[in-house]
Amino acid sequence: MNNKNNLIDLDKKHFIHPTSPIKQQQEQGAKSVIAEGEGIYLKDVDGKTFIDAISSLWNVNVGHGRKELAYAAQEQMSKLAFSSAFSTFSHEPAILLAEKIAEIAPDDLNAVFFTSGGSESNDSAFKLAHHYWKLKGEPKRHKFIARKKAYHGVAAASTNATGISEFREMGGLHVSNFVHVETPYEISTSEAVASIRDMIEREGPETIAAFLAEPVQGAGGVIIPPRDYFQEVRKLCDEYGILFIADEVITGFGRTGKMFGLEHWQVTPDMMTFAKGVTSGYIPLGGVVVSDSIHQVLKERSTGTLFHGFTYSGHPTAAAVALKNIEIIENEQLVQNSQAMCKVLLKGFQKIKEDIDIVGDVRTLGLLGAVEIVKNPETNERFSSEVNAAPKVIDALHERGVICRSVTFGGTDIICFAPPLTINEAQVNDIVERLHDAITEVREAIL
Ligand code: PLP
């Protein structure tokens, strides 16, 4: 058994961490080496317990340590661990999962293409959308409108769809089909929608394949749109005949207090991408759900092979785990719990805002929440980036045994929360109390 120091040495030497400060990692080593999890809690190799207030990467919706999911994987692996779904082969777990997703997805979203994660799902949606337009005789529709602050992943196309410029600048593989418009953060619906209309007109409506949006921007800082925004967006897409792709990678599977995030605004997209919560992170899986009318065009107008597929599209073991995971979400009424705990979390955040004068906007939708740290809550003036306000709160929370994430892009200091949907009232209040202490400590240090 490796001790912690040995593990940290090996970690520095051999493990290139995803989306991480690589130099700091080398100098300081990993802060926590996590060893096990149970419910909303994680334990590191030293035996210290943490509350996982961000569901690890916004994905462990049913909480840690669910033996049912381990047994579902074991049972499927023992019977048929892997089999191809290419060409004319199929298998029961993928068929049943596709049927289940069609059942729980809104309206006419009834056909599923599987992937291994969110980035692959978005890249697949873009290719399917362009392919659809080619089959419909409109091959010039190859551009996609995404939004600033959006996060859609790190594959070739999804990197370029992402509206956080650091991700696009990192690798330099520029796929030029993407343009970015304003997101409804600190601007009104009409300004945000006007920004989309202007972009459509500037690029030429006949060149636009689809508009792409997360129902709530997660990595951008839990940005919840105004009430009428998505209805206006849907109208605009219909006016120009543009497809609407919803990226439900974070917001799917109960995270926002509905099974899928867009349901809050009674808007149905033409395509919906998902990953994360579909298996609660127990095994990689993602996908794209398309509407009946898109599916019909793909089926009826294609002449040969649909040249798009991953080895692991519809992986039987992943599909079996997903089916069990959705069963847990339904049986334990976790969507309803997400809705109920939303109110408790918001009440806690509002009390912190009342008590501490460096707290700006606080917001929740289901079990997605954000607390903004600002210099002046009246004017919304922010701390300069040298102050490092949000990372300091994250460190103070870590000290107090709470794991969550901060967003500092674009000069913001946003603390993001997305605890497992199994969380109860006492546990939500525990997070809130520790957050109150952490912000109080940071306030004293920085003012
Ligand atoms: N889309 C959204 C909204 C996400 O939050 C993420 C990941 O955080 C992705 C796509 C990319 O998913 P993955 O990391 O599984 O490729």
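Just so you know, the sequence shown maps onto residues 24 to 470 in the numbering used here.
Idealized CB from N, CA, C, for every residue including glycine.
Relative to the alpha-carbon of R278, which residue among M100, L30, A363, G227 has its alpha-carbon at the smallest distance? Within the sequence shown, residue 278 is the residue found at index 255, counting from 1. Ranking M100, L30, A363, G227 by Cα distance to R278 puts A363 first.
Looking at the strands, I want to know which residues DSSP matches up with S429. Locating residue 429 in the sequence shown gives position 406, where the first residue counts as 1. According to DSSP, S429 bridges with I438.
CA-to-CA distance, I45 to K36, given in whole angstroms: Start at 1 with the first residue of the sequence shown, and residue 36 comes out as number 13. Start at 1 with the first residue of the sequence shown, and residue 45 comes out as number 22. In a straight line, the C-alpha of K36 is about 11 angstroms away from that of I45.
So, do the stretch 134-143 and the stretch 327-346 have three or more beta carbon pairs nearer to each other than 8 angstroms? yes
With respect to the alpha helix (DSSP H) encompassing L259, which residues constitute its N-terminal and C-terminal limits? By one-based count along the sequence shown, residue 259 stands at place 236. From DSSP, the alpha helix (DSSP H) with L259 extends over 252-263.
Could you work out which residue in I223, I168, K102, V455 is closest to K366 when comparing CA atoms only? The sequence position of residue 366 within the sequence shown is 343, counting from 1. Among I223, I168, K102, V455, the Cα nearest to that of K366 belongs to V455.
Length of the line joining the Cα atoms of I74 and Q373: Position 51 of the sequence shown holds residue 74. Position 350 of the sequence shown holds residue 373. Distance between the alpha carbons of I74 and Q373 is about 21 angstroms.
Regarding N145 and the ligand PLP, is the C-beta to nearest heavy atom distance less than 7 angstroms? Working through the sequence shown from its first residue, we reach residue 145 at position 122. Yes, the Cβ of N145 comes within 7 angstroms of a heavy atom of the ligand PLP.
Which residues in the same chain have their Cβ closer than 7 angstroms to the Cβ of G86, if we skip the five residues on either side of it in sequence? The count along the sequence shown starts at 1 and reaches residue 86 at position 63. Only G62, I63, P443, T445 meet the Cβ criterion.
Starting from I57, trace the beta strand (DSSP E) both ways and give me its first and last residue. On the sequence shown, position 34 is the one that residue 57 refers to. Unbroken beta strand (DSSP E) run through I57: 57-61.
Specify the secondary structure class of I268 as computed by DSSP and reduced to three states. Numbered from 1 along the sequence shown, position 245 holds the residue referred to as residue 268. Strand, per DSSP.
Residue-level contact to chain D via CB, D261, 8 angstroms cutoff: Note that chain D does not occur in the displayed structure, where there is just one protein chain.
When DSSP labels each residue in this structure, what does K163 get in the three-state scheme? Position 140 of the sequence shown, counting from 1, holds the residue named residue 163. Coil.
Check whether the stretch 101-108 and the stretch 296-313 touch, using three or more Cβ-Cβ pairs below 8 angstroms as the test. no
Rounded straight-line distance, which links the Cα of G264 to that of E122: Against the sequence shown, residue 122 aligns to sequence position 99. Against the sequence shown, residue 264 aligns to sequence position 241. One C-alpha to the other measures close to 28 angstroms.
Under 8 angstroms, do K436 and A412 count as touching if we go by C-beta distance? Working through the sequence shown from its first residue, we reach residue 436 at position 413. Working through the sequence shown from its first residue, we reach residue 412 at position 389. Looking at the sequence itself, residue 436 is Asp, so the reference to Lys does not match. Yes, the Cβ-Cβ distance between D436 and A412 is below 8 angstroms.
Those residues which DSSP pairs with H287 across a bridge: Numbered from 1 along the sequence shown, position 264 holds the residue referred to as residue 287. In the DSSP output, where bridge partners are listed per residue, H287 has none listed.
Let me check you understand the geometry: is the CB of Y174 closer than 7 angstroms to at least one non-hydrogen atom of the ligand PLP? As a working note, residue 174 is residue 151 in the sequence shown. Checking the Cβ of Y174 against the ligand PLP gives yes.
Minimum C-alpha distance to T463 - residue among I426, F440, I396: Residue numbering aside, residue 463 sits at position 440 when the sequence shown is read from its first letter. Closest by alpha carbon: I396.
Apply the 10 Å Cβ neighbour rule to E409 and answer buried if 16 or more other Cβ atoms are within range, or exposed otherwise. Taking the first residue of the sequence shown as 1, we reach residue 409 at position 386. E409 is exposed by the Cβ-count criterion.
CA-to-CA distance, T111 to I77, given in whole angstroms: Looking up residue 77 in the sequence shown gives position 54. Looking up residue 111 in the sequence shown gives position 88. For I77 and T111, the distance between alpha carbons rounds to 40 angstroms.
N348 to F137 span [Cα, whole Å]: Against the sequence shown, residue 348 aligns to sequence position 325. Against the sequence shown, residue 137 aligns to sequence position 114. Each residue's alpha carbon lies about 16 angstroms from the other.
Decide if S316 is buried, meaning its Cβ has at least 16 other Cβ atoms within 10 Å, or exposed. For the purposes of this step, residue 316 is taken as residue 293 along the sequence shown, with counting starting at 1. That one is exposed.
Am I right that A117 and A342 are in contact with their C-beta atoms under 8 angstroms? What's the rounded C-beta distance? Start at 1 with the first residue of the sequence shown, and residue 117 comes out as number 94. Start at 1 with the first residue of the sequence shown, and residue 342 comes out as number 319. Right, the Cβ-Cβ distance comes to about 5 angstroms (below 8 angstroms), so this counts as a contact.
Can you name the residues that DSSP bridges to Q240? Position 217 of the sequence shown, counting from 1, holds the residue named residue 240. According to DSSP, Q240 bridges with I246.
Report the rounded CA-to-CA distance for A178 versus E401, giving the unit in angstroms. Taking the sequence shown and counting its residues from 1, the one referred to as residue 178 is at position 155. Taking the sequence shown and counting its residues from 1, the one referred to as residue 401 is at position 378. Rounded to the nearest angstrom, the two C-alpha atoms are 40 angstroms apart.
P207 and P162: beta carbons closer than 8 angstroms? Your numbering for residue 207 matches position 184 in the sequence shown. Your numbering for residue 162 matches position 139 in the sequence shown. No.
Looking at C-alpha atoms only, which residue of A419, K150, N360, S429 is the closest neighbour of V394? Counted from its first residue, the sequence shown places residue 394 at position 371. Cα-wise, what sits closest to V394 is S429.
Can you give me the C-alpha to C-alpha distance between K12 and A217, rounded to a whole angstrom? One cannot answer for residue 12 here, as it falls past the ends of the chain, which runs 24 to 470.
Coarse secondary structure for T334, derived from DSSP in three states: For the purposes of this step, residue 334 is identified with residue 311 of the sequence shown, where counting begins at 1. Three-state result, T334: coil.
One question on the structure: do N215 and E226 come within less than 8 angstroms of each other, judged by their Cβ atoms? On the sequence shown, position 192 is the one that residue 215 refers to. On the sequence shown, position 203 is the one that residue 226 refers to. Checking the displayed sequence, the identity of residue 215 turns out to be Ala instead of Asn. The answer is no: Cβ separation not under 8 angstroms.
Note the first and the last residue of the continuous alpha helix (DSSP H) segment covering N348. What you label residue 348 is simply residue 325 of the sequence shown in a count that begins at 1. That run of the alpha helix (DSSP H) goes 339-354.
When you compare each of I273, I268, V272 to D293 by their alpha carbons, which one comes out closest? Looking up residue 293 in the sequence shown gives position 270. It is I268.
Please classify N360: is it buried, with 16 or more other beta-carbons within 10 angstroms of its beta-carbon, or exposed? For the purposes of this step, residue 360 is taken as the residue at position 337 of the sequence shown. It is buried - the Cβ of N360 has at least 16 other Cβ atoms within 10 Å.
Straight-line CA distance for V290 to F149? Within the sequence shown, numbered from 1, the residue matching residue 290 stands at position 267. Within the sequence shown, numbered from 1, the residue matching residue 149 stands at position 126. Their Cα atoms are separated by approximately 20 angstroms.
Give the single residue among A236, G243, Q51 whose Cα lies nearest to the Cα of S260. One-based indexing of the sequence shown puts residue 260 at position 237. For the record, residue 260 in the displayed sequence is Cys; it is not Ser. Looking at the Cα atoms, A236 is the closest of the given residues.
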